[in-house]
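The listed protein sequences correspond, in order, to chains A and B.
Its first residue numbered 210, the first sequence is counted upward by one per residue in our numbering.
Its first residue numbered 210, the second sequence is counted upward by one per residue in our numbering.
Have a look at the structure below, then the notes.
There are 2 protein chains.
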Amino acid sequence: MSKKTINIGLFGFGVVGRGLSELLQRVPEADVRIAKVCVRNMARHQGEAPSLHFTTDPKEILDDPDIDLVVELIDDAEAAYHIVKGSLERCLPVVTGNKRMLAHHLPELIELQKEMKTALLYDASACGSIPVIRNLEEYYDNDLQISVKGILNGSSNFILSKIFNDHMSHADALRLARELGFLESDPTLDLDGWDSLFKLVILAVHAFGVYVEPERLFNFGITHMNDDDIRFANEKDRRIKLLGLAEKLPDNRLTLSVMPHLVSRNKYIYSCEDEFNGVVIKGRFYGKQFLVGRGAGGHPTSSAVLSDISAIRYDYFYRYKRMHSETPLPRFSNDISFRAYLRFTSDDDLQLLQPEAIYERYSSETHQYAVARINLQRLHDVRAELIERRMFIAAYPPD
Amino acid sequence: MSKKTINIGLFGFGVVGRGLSELLQRVPEADVRIAKVCVRNMARHQGEAPSLHFTTDPKEILDDPDIDLVVELIDDAEAAYHIVKGSLERCLPVVTGNKRMLAHHLPELIELQKEMKTALLYDASACGSIPVIRNLEEYYDNDLQISVKGILNGSSNFILSKIFNDHMSHADALRLARELGFLESDPTLDLDGWDSLFKLVILAVHAFGVYVEPERLFNFGITHMNDDDIRFANEKDRRIKLLGLAEKLPDNRLTLSVMPHLVSRNKYIYSCEDEFNGVVIKGRFYGKQFLVGRGAGGHPTSSAVLSDISAIRYDYFYRYKRMHSETPLPRFSNDISFRAYLRFTSDDDLQLLQPEAIYERYSSETHQYAVARINLQRLHDVRAELIERRMFIAAYPPD
Chain A
210 MSKKTINIGL
220 FGFGVVGRGL
230 SELLQRVPEA
240 DVRIAKVCVR
250 NMARHQGEAP
260 SLHFTTDPKE
270 ILDDPDIDLV
280 VELIDDAEAA
290 YHIVKGSLER
300 CLPVVTGNKR
310 MLAHHLPELI
320 ELQKEMKTAL
330 LYDASACGSI
340 PVIRNLEEYY
350 DNDLQISVKG
360 ILNGSSNFIL
370 SKIFNDHMSH
380 ADALRLAREL
390 GFLESDPTLD
400 LDGWDSLFKL
410 VILAVHAFGV
420 YVEPERLFNF
430 GITHMNDDDI
440 RFANEKDRRI
450 KLLGLAEKLP
460 DNRLTLSVMP
470 HLVSRNKYIY
480 SCEDEFNGVV
490 IKGRFYGKQF
500 LVGRGAGGHP
510 TSSAVLSDIS
520 AIRYDYFYRY
530 KRMHSETPLP
540 RFSNDISFRA
550 YLRFTSDDDL
560 QLLQPEAIYE
570 RYSSETHQYA
580 VARINLQRLH
590 DVRAELIERR
600 MFIAAYPPD
Chain B
210 MSKKTINIGL
220 FGFGVVGRGL
230 SELLQRVPEA
240 DVRIAKVCVR
250 NMARHQGEAP
260 SLHFTTDPKE
270 ILDDPDIDLV
280 VELIDDAEAA
290 YHIVKGSLER
300 CLPVVTGNKR
310 MLAHHLPELI
320 ELQKEMKTAL
330 LYDASACGSI
340 PVIRNLEEYY
350 DNDLQISVKG
360 ILNGSSNFIL
370 SKIFNDHMSH
380 ADALRLAREL
390 GFLESDPTLD
400 LDGWDSLFKL
410 VILAVHAFGV
420 YVEPERLFNF
430 GITHMNDDDI
440 RFANEKDRRI
450 KLLGLAEKLP
460 DNRLTLSVMP
470 HLVSRNKYIY
480 SCEDEFNGVV
490 IKGRFYGKQF
500 LVGRGAGGHP
510 TSSAVLSDIS
520 AIRYDYFYRY
530 KRMHSETPLP
540 RFSNDISFRA
550 YLRFTSDDDL
560 QLLQPEAIYE
570 RYSSETHQYA
580 VARINLQRLH
590 DVRAELIERR
600 MFIAAYPPD
């Protein structure tokens, strides 16, 4: 794209959209202009940004020949899918931050962008301001990846930080996060690990060349974490962190999961606090990388969006090199056993999990826990029951 | 570059050169072939890699029409300069890891690569496997940078880690680093902050668009750090880290310096241990980023070299966008005062530094120290004397 000023058509004017508009005013050198903004409710927005042209009709952007690029920043995943698809079909490059939409439609959109030779960039979708996707695509693209592990959700990490650093109760931390506007309108997206799961699906495509449908992954969050669990973590001098993990296994298999982990003090992730995200990337040759940055908020995320817009200016696109590798791609598998902390109320709860080995066992009048070896596929199979029985599970690797 | 196999001409076959050769065997998908290796002493290398073609004549590489790209990995900065210049003049893209050479010749080489429209990449030169330059160039290129601060030298960080974590004496830690081959043949490059200084000069070009000749910067290392300094740090619950710092000041000024810092526990850099490098990048919009990775060693660095080689395949080059910004570039300045810990033996030593304020003062029969406000320009002026008098200085920011 050799044009001087880039005219963007923006969908959505929430926290990130407004952040982008402010950022563009502060960085005139970027030479990016918001030509039109498409929102659901005109009345709500016109007052706050009188200089912008608002519309409710997507076609007013998609069919405007003066628009060079579409930026999609709306909440609704289904509507976002149609916007992104519609843009690519018209050879309009798109920048999107919608992880839920991407996690469900990536294969089709990758094909479409290839067919239409039109860029689709989405670095803001995973880990806000941390350039994880871009670095996996370009910088670590020749190494043999071993694992990608990290705190992928800022809101739940904020809550966990308040509990473990400031000794707030779970309920108070949740209340504070809500007051600060850190939680999505549906907080289970953050707290039950869905948001992390969508991001992990995206990262696995770039790190390992493998796309896995979100529903095939086990995800488990911190909604049912209680004071007993917090006490257990403190006793062991660990902190509970909600982690997404993609890891190569023997026999060229790949496992993906999102769940709480009991993290020991000597891990980088232990010190990644508040609304920050932190990702540890391991490769055969470069060893261990750790990237930390703000994972939420209008300014950090809009800064990532602007990086994508600028990249399109110099004709950058994701190459999905690992997806098209000549060596056989790893196969997704949940068939992995690991050491976990399990908290529950009855023996029957423990039986449900079919532990392969039990290392520790505690029971009191109020609750029980076990440290046991369990299988990820089994957890995936009984996920609904775990939640129904208000059990709590956290990976508990030996030191 | 659309050729399938890239034929590289490699200069130097030390730790990184050998690492690259091994890496290329492990990653055949990269499709990069070492066509020729130019070394100073043929006899030393031919035995260890019989499949490679060795030469001692640079022209055999530079004038070979079958070579697509030059990789320069030698120690000698002057010779490296001529190799890089010679390559660019012949329109041969170059990848180099020679920070000392780059720190001294960057402006000329930037002009030359522009004139010859030939890429010069050097991400491996600063922070080994951490893609700092690439991220500053591309990902954070639209943000208003505030500062870049970090552990830029792995060897000195290894020594400091052994002292502060494993309670080794300074002398023992130095010995261990030497035994493990972590120190350059001239260890003052690592320990006195020269290596960090060269990297900082390079980073400032990409973060702020400003080139500053290395001799204009104040650098000070850990050679004269002694047990009194270590005790002081431990008493204050801090760790001494050797940090490079580039920071925007009011009035569009920029300060650059390399010196020990007393780092408190709540900083990311506090936990960056052993031979790892860690860089904190602050921007107006994305906030704070922290990148950690191995800063030394054959495999991590060669992995960074291969990333640059691959980038040249898809015609990537540094844009030096900030250097060519329309807004006025910041002016380099040493005129900044800051709080520091100073350890010395006589009152006269303290007078030499012309402290602007003294906050703490200690004296015993063996040594004295002060916590005082001092000026960076003054330190630069009296640097040789500081070393002669075996004084120690560390930035000591309030918590």
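Cβ atoms here follow ideal geometry from the backbone N, Cα and C, with glycine treated the same way.
GLY588/B to SER356/A span [Cα, whole Å]: Contrary to the premise, residue 588/B reads as Leu rather than Gly in this sequence. Approximately 45 Å between the Cα atoms of the pair.
Where GLU346/B falls, given that 16 or more other Cβ within 10 Å makes a residue buried: buried
Residues of its chain near LEU398/B, where Cβ-Cβ distance is below 6 Å and the 5 sequence neighbours each way are ignored: ASP404
Interface flag, GLY430/A vs chain B, CB-CB below 8 Å: no
Strand pairing of VAL241/A, partner residues [DSSP]: ILE215/A
Cβ separation of LEU330/B and ALA520/B, assumed to be a contact under 8 Å, to the nearest whole Å: 6 Å
Collapsed DSSP secondary structure at GLY492/B in the structure displayed: strand
ARG448/A versus VAL303/A, ILE360/A and ARG592/A, residue with shortest Cα-Cα distance: ILE360/A
LEU585/A beta carbon less than 8 Å from that of SER511/A: no
Complete alpha helix (DSSP H) runs within the region 242 to 327 of chain A (minimum length 4 residues, chain order): 251 to 255, 267 to 271, 286 to 298 and 308 to 325
Cβ-heavy atom distance, LYS491/A to the ligand GDP, below 7 Å: For the ligand GDP, the structure offers nothing, since it holds no ligand at all.
SER519/B: contacting residues in chain A (beta-carbon distance under 7 Å): ASP350 and ASN351
Residues in the region 500 to 513 of chain B having any Cβ partner in chain A nearer than 9 Å: LEU500, VAL501, GLY502, ARG503, GLY506, HIS508, PRO509, THR510, SER511, SER512 and ALA513
Presumed contact (8 Å Cβ cut-off) between TYR605/A and ALA513/A, rounded CB distance: 33 Å between Cβ atoms; not a contact.
Beta carbon proximity, PHE222/B to chain A, threshold 8 Å: no
Nearest-angstrom Cα separation, counted from PRO539/A out to LYS457/A: 8 Å
N- and C-terminal bounds of the beta strand (DSSP E) containing LYS450/B: 447 to 458
Sequence ranges, alpha helix (DSSP H) only - wholly within the region 459 to 524 of chain A, length at least 4: 507 to 522
Proximity below 8 Å, CB of ARG552/B to CB of ALA566/B: no
Neighbour list for ARG394/B in chain A, Cβ cutoff strictly below 9 Å: Arg is not the amino acid found at residue 394/B; the sequence shown has Ser there. Within chain A, no residue comes near SER394/B; the closest Cβ sits about 24 Å away, beyond 9 Å.
Chain-ordered chain B contacts of GLU388/A [CB-CB under 7 Å]: Within chain B, no residue comes near GLU388/A; the closest Cβ sits about 21 Å away, beyond 7 Å.
Proximal residues of chain A, C-beta to C-beta of TYR420/B below 8 Å: By Cβ distance, chain A contributes nothing, its closest Cβ being about 19 Å from TYR420/B, past 8 Å.
Supposed close pair ILE276/A, GLY218/A - CB separation, criterion 8 Å: 4 Å
Beta-bridge pairing of GLN560/A - partner residues as DSSP gives them: Per DSSP, none; premise fails for GLN560/A.
GLU484/B beta carbon less than 8 Å from that of ALA189/B: Since the displayed chain B opens at 210 and closes at 608, residue 189/B lies outside it and no answer follows.
Rounded distance between the beta-carbons of LEU297/B and SER334/B, thought under 8 Å: SER334/B to LEU297/B, Cβ: 16 Å. No contact.
Classification of CYS300/A by the beta-carbon crowding that lies within 10 angstroms, buried from 16 upward: exposed
Other residues of its chain near ARG599/A: CB distance less than 7 Å, five sequence neighbours each side excluded: HIS433
Contact belief for VAL414/A with LEU561/A at Cβ below 8 Å, rounded distance in angstroms: That pair is no contact at about 33 Å.
Integer-rounded CB distance, given that SER542/B should sit under 8 Å from LEU463/B: 7 Å
Within-8 Å CB hit, SER370/A to chain B: no
Cβ-based burial, ASP332/A [other Cβ within 10 Å; buried from 16]: buried
Residues near GLU482/B in its chain [Cβ-Cβ closer than 8 Å; skip 5 each side]: ASN366, SER370 and ASN374
ASN344/A at chain B interface by Cβ criterion, 8 Å: yes
Under 9 Å (Cβ pairs) to chain A, residues found in the region 535 to 553 of chain B: GLU535 and THR536
Separation of PRO509/B from PHE494/A, as counted between CA atoms: 6 Å
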